[in-house]
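Sequences listed follow chains A and B, in order.
For the first sequence, the positions run 1 to 382 when UniProt numbering is used.
For the second sequence, the positions run 1 to 382 when UniProt numbering is used.
Ideal placement from N, C-alpha and C gives every residue a C-beta, glycine not left out.
Computed from a predicted structure; not experimentally measured.
Read through the structure below, which is laid out as structure tokens, and then see the notes.
2 protein chains.
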Amino acid sequence: MVASRGVRHDSMRARNLAVVLGEIHRSGPHTRAALAELTGLTKTTVSSLVADLLEAGVVTERGAVRGGERGRPGVAVSLSGHRVVTLGLEINIDYLAACVVDLTRTVRLRRTRPADNRNSDPEHILHLLRDLAKETIAEAEADGLRVIGAALAVPGTVEGETLRSAPHLGWRDVRVGDLVDLPFAIDNEANLAALGELWFGARETDFLYVSGEIGIGAGLVVAGSLFRGTFGLAGELGHVVVVPDGPACRCGGRGCLEVYAGQDTLLGKLDSVSELVSRLESGDRRARETCERAGHALGVALTSAVHLLDPGMIVLGGVFAPVFPWLEGPVADGLGTRLAHMRGAPPALVVSGTGPDAAVLGAAGMIIQRIIAEPAEVLGLQ
Amino acid sequence: MVASRGVRHDSMRARNLAVVLGEIHRSGPHTRAALAELTGLTKTTVSSLVADLLEAGVVTERGAVRGGERGRPGVAVSLSGHRVVTLGLEINIDYLAACVVDLTRTVRLRRTRPADNRNSDPEHILHLLRDLAKETIAEAEADGLRVIGAALAVPGTVEGETLRSAPHLGWRDVRVGDLVDLPFAIDNEANLAALGELWFGARETDFLYVSGEIGIGAGLVVAGSLFRGTFGLAGELGHVVVVPDGPACRCGGRGCLEVYAGQDTLLGKLDSVSELVSRLESGDRRARETCERAGHALGVALTSAVHLLDPGMIVLGGVFAPVFPWLEGPVADGLGTRLAHMRGAPPALVVSGTGPDAAVLGAAGMIIQRIIAEPAEVLGLQ
């Protein structure tokens with residue numbers, strides 16, 4: 001057999017658990033007979049695997065459906081939303097967030113704590129985040145849920161479990177491994193927000209998610225997978241050059257998109273995004289001009305991004321979502337004029353469906369993906 | 001078994017042929033016993049598969065080596081360079097090219113015909129190309145080689161076997177399917193040049209290949225695979241915006257890289273790249289200033305490309321290869337200044353190892369990859 005290559009019994013069983021759970025996730029609910037047919041495994045094997053998955057609380061049995069075998073009805077097995085959940089965490093520049101999501105991608109809990117994390121002490125912030133995580137886990141457990149793993153979204157570059165550089169936090173080389181006593185992962189917020197949009201925003205499988213925060217990042221999803229580049233640093237849209245001899249950017253470059261369209265520039269002296277939105281709604285000229293300039297710059301940077309990345313569509317998220325009505329025109333104009341000859345039509349430009357929760361949802365979703373992909377390893381099944 | 005899913009005998013055999021040939025290609029030469037151990041197939045199955053591969057001329061037996069089984073020597077099976085070859089073809093703006101490459105990636109034949117293909121009649125050019133292909137195939141056959149398939153590199157966008165748009169040729173929606181009576185593929189020249197650089201330029205598996213021609217394209221290779229984007233249009237480096245209100249570009253945009261660093265701008269009134277190089281060598285001020293401006297623009301566009309694509313290194317090819325000594329400084333300066341804070345060091349900047357043949361070699365190489373990946377289908381083995 002092609003796939004054998006000296007596979008041991010345990011790892012074969014682990015793979016088969018993943019095959020069965022994957023099939024339930026992708027196209028379930030299914031009867032055991034239908035699962036046997038879909039996976040090519042014997043019915044005895046499927047029954048034994050399903051018993052393990054039931055025991056672990058990742059699947060559940062519900063009512064009779066018409067099964068695969070000669071149309072006889074059978075008991076359908078589907079993903080369970082009642083037991084296994086994952087924890088998403090986020091350190092943003094101006095808040096900490098946590099959420100608990102079950103295997104059916106229903107959000108069970110959401111917690112946000114406003115905070116000013118700029119140039120902050122990592123130890124202090126991680127202490128606050130650890131408290132938030134503990135409280136959220138305790139609350140989930142009180143509801144009878146079992147938290148299997150956690151992931152953290154950070155506004156910076158990540159290597160393993162270390163936050164390499166988060167310029168707006170003022171953090172460099174901060175290890176975050178021991179935050180919770182659970183399987184743990186950490187990733188860039190724009191990457192996780194793109195995955196959050198994919199899994200929770202009812203998106204197609206191909207898009208560029210643009211995360212407008214104090215920094216601007218982007219996550220490219222192609223055929224349902226995140227494109228990460230060679231070192232995991234792809235998608236730094238905020239430092240695409242808009243004007244080569246423009247104002248200096250904190251990155252050492254000049255005229256980067258972030259200088260023209262980052263949250264600090266959008267807000268100017270205003271205190272909050274909601275204040276900006278009310279000014280835009282009331283027709284404040286200054287606010288509208290700022291948005292127009294930002295939209296113009298975003299149109300230039302996204303033109304370069306479309307030429308290089310060839311995304312299926314463009315999704316504006318973060319702070320760009322509430323100001324979308326005022327950004328859309330200038331961005332679409334720029335893309336239309338610059339891209340028309342090369343592409344017929346530029347990619348569709350839409351507003352994010354997940355709002356400010358995209359990254360923290362993506363973090364929880366990433367651990368759900370791991371459970372689906374490697375149930376034996378993550379859940380400790382034999 | 002996980003991989004079974006109702007696989008029929010024929011398709012199982014086809015897969016196993018691919019597994020065995022793939023192992024020989026990746027890590028051979030191997031004895032049959034070693035192949036059985038590496039693939040998990042029985043020795044009887046391996047022997048029968050190897051017999052088919054020998055018969056088809058894709059592998060060959062050579063001398064005794066120490067095999068996998070208790071160190072006993074056996075006859076090693078390796079890829080054969082003596083029989084099966086593929087044909088690479090290229091339509092460039094100012095030449096047509098063909099090459100024949102064997103399975104060990106040795107170039108057996110190379111033919112180039114200078115031509116002025118700007119705003120040309122597709123039918124006429126394809127007629128010339130068909131003649132060139134026929135002559136090249138005849139020559140290969142006279143040497144006892146068997147041409148298994150062909151691929152064509154074109155300076156434009158491609159969909160299936162149709163050249164959608166090649167602005168410098170002045171072609172639009174040209175079907176190229178019946179060029180040769182062989183399995184056939186067509187792809188963008190920058191994509192194929194990147195693959196040519198990967199397979200024939202002794203490159204690492206991660207780099208951005210920049211194809212400097214009359215148009216400027218790029219092909220990103222990540223972990224040995226070409227990144228194509230959602231619609232296969234990724235890597236259009238030539239239209240990354242360098243100056244948002246710069247001179248109009250033929251694409252409808254303004255201030256694109258191509259305006260500052262395309263071959264037409266580099267040459268100005270000069271007749272050829274070699275004339276440009278001699279002027280640069282003799283210290284001609286105008287030629288040096290042109291190169292410096294081009295290098296500056298290339299540094300800006302590549303900064304945006306590095307932020308978005310995160311390549312392992314940057315390889316300058318096409319016309320940028322002969323003028324590399326004069327481009328390298330300004331490009332590296334731009335990348336260094338703009339990327340230093342974000343990345344520590346910018347990606348290494350190197351000159352292409354394949355020169356002007358990158359695309360036509362990549363075309364031939366693409367068919368070799370198909371033979372390795374699907375020997376049963378491509379070679380018609382049962």
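Query                                                                                                                        : Result
Start-to-end residues for the beta strand (DSSP E) that takes in R110/B                                                      : 107-114
Under 8 Å from the C-beta of V300/A: neighbouring residues of chain B                                                        : V241, P244
Neighbour-count burial assignment, T31/B, 16 or more Cβ in a 10 Å radius                                                     : buried
Interface flag, R338/B vs chain A, CB-CB below 8 Å                                                                           : yes
Inter-residue spacing [alpha-carbon to alpha-carbon] between G299/A and G336/A                                               : 9 Å
N- and C-terminal bounds of the alpha helix (DSSP H) containing G255/A                                                       : Unbroken run through G255/A: none, as it is neither H nor E.
Spatial distance of A321/B from A133/B (CA atoms)                                                                            : 27 Å
When R105/A, G317/A, V319/A, E37/A are compared against I371/A, the one with the closest alpha-carbon                        : R105/A
C-beta contact flag for V58/B and P375/B at 8 Å                                                                              : yes
Delimiting residues of the beta strand (DSSP E) encompassing I368/B                                                          : Note, I368/B: premise wrong, no beta strand (DSSP E); alpha helix (DSSP H) at 358-373.
Continuous alpha helix (DSSP H) assignments of at least 4 residues falling wholly in the stretch 15-59 of chain B            : 32-39, 43-55
Own chain, CB closer than 8 Å to E159/B, minus 5 neighbours either side, in chain order                                      : G232
Residue-level contact to chain A via CB, T290/B, 8 Å cutoff                                                                  : no
Interface flag, P311/A vs chain B, CB-CB below 8 Å                                                                           : yes
Neighbour list for M342/B in chain A, Cβ cutoff strictly below 9 Å                                                           : T157, S165, P167, L233, E236, H239, C251, G252, G253
Sequence-distant residues of its chain with Cβ nearer than 8 Å to R291/A (five each side left out)                           : Note on residue identity: the sequence assigns Cys, not Arg, to residue 291/A. These residues qualify, in order along the chain: L266, L280, V323, W326, L327, P330.
Contacting positions in the stretch 100-127 of chain B - beta carbon closer than 9 Å to chain A                              : none
Three-way DSSP call (helix, strand, coil) for S272/A in this model                                                           : coil
CB contact below 8 Å: H25/A versus chain B                                                                                   : no
Closer than 7 Å: A297/B CB and nearest the ligand FAD heavy atom                                                             : Among the components of this structure there are no ligands whatsoever, and the ligand FAD is therefore not found.
Beta carbon of T86/A nearer than 8 Å to that of I367/A                                                                       : yes
Close beta carbons around E289/B, own chain, < 7 Å, minus the five adjacent residues each side                               : none
Spatial neighbours of G22/B in its chain, beta-carbon cut-off 7 Å, leaving aside the 5 residues before and after             : I372
Residues bridged to C99/B [DSSP beta-bridge criterion]                                                                       : G88/B, R110/B
Min CB distance F227/B to chain A below 8 Å                                                                                  : yes
Stretch-stretch touch, CB-based, cutoff 8 Å, three pairs: the stretch 192-206 of chain B with the stretch 157-176 of chain A : no
Closer than 8 Å to chain B by CB, S11/A                                                                                      : no
8 Å Cβ cutoff, A305/B in contact with chain A                                                                                : yes
Distance CB(A261/B)-CB(A297/B) smaller than 8 Å                                                                              : yes
First through last residue of the alpha helix (DSSP H) which encompasses S120/B                                              : Neither: S120/B is in no alpha helix (DSSP H) and is coded neither H nor E.
Alpha helix (DSSP H) runs contained entirely in the stretch 152-223 of chain B, provided each spans 4 or more residues       : 189-200
Per-residue DSSP class, three states only, for F227/B                                                                        : strand
Assigned secondary structure, L233/A (DSSP; H/G/I helix, E/B strand, else coil)                                              : coil
Contacting residues, own chain, Cβ-Cβ under 6 Å from D187/B (five flanking each side not counted)                            : V158
Cβ contact (3+ pairs, closer than 8 Å) linking the stretch 215-230 of chain A and the stretch 304-314 of chain B             : yes
According to DSSP, residues forming a beta bridge with M313/A                                                                : A348/A
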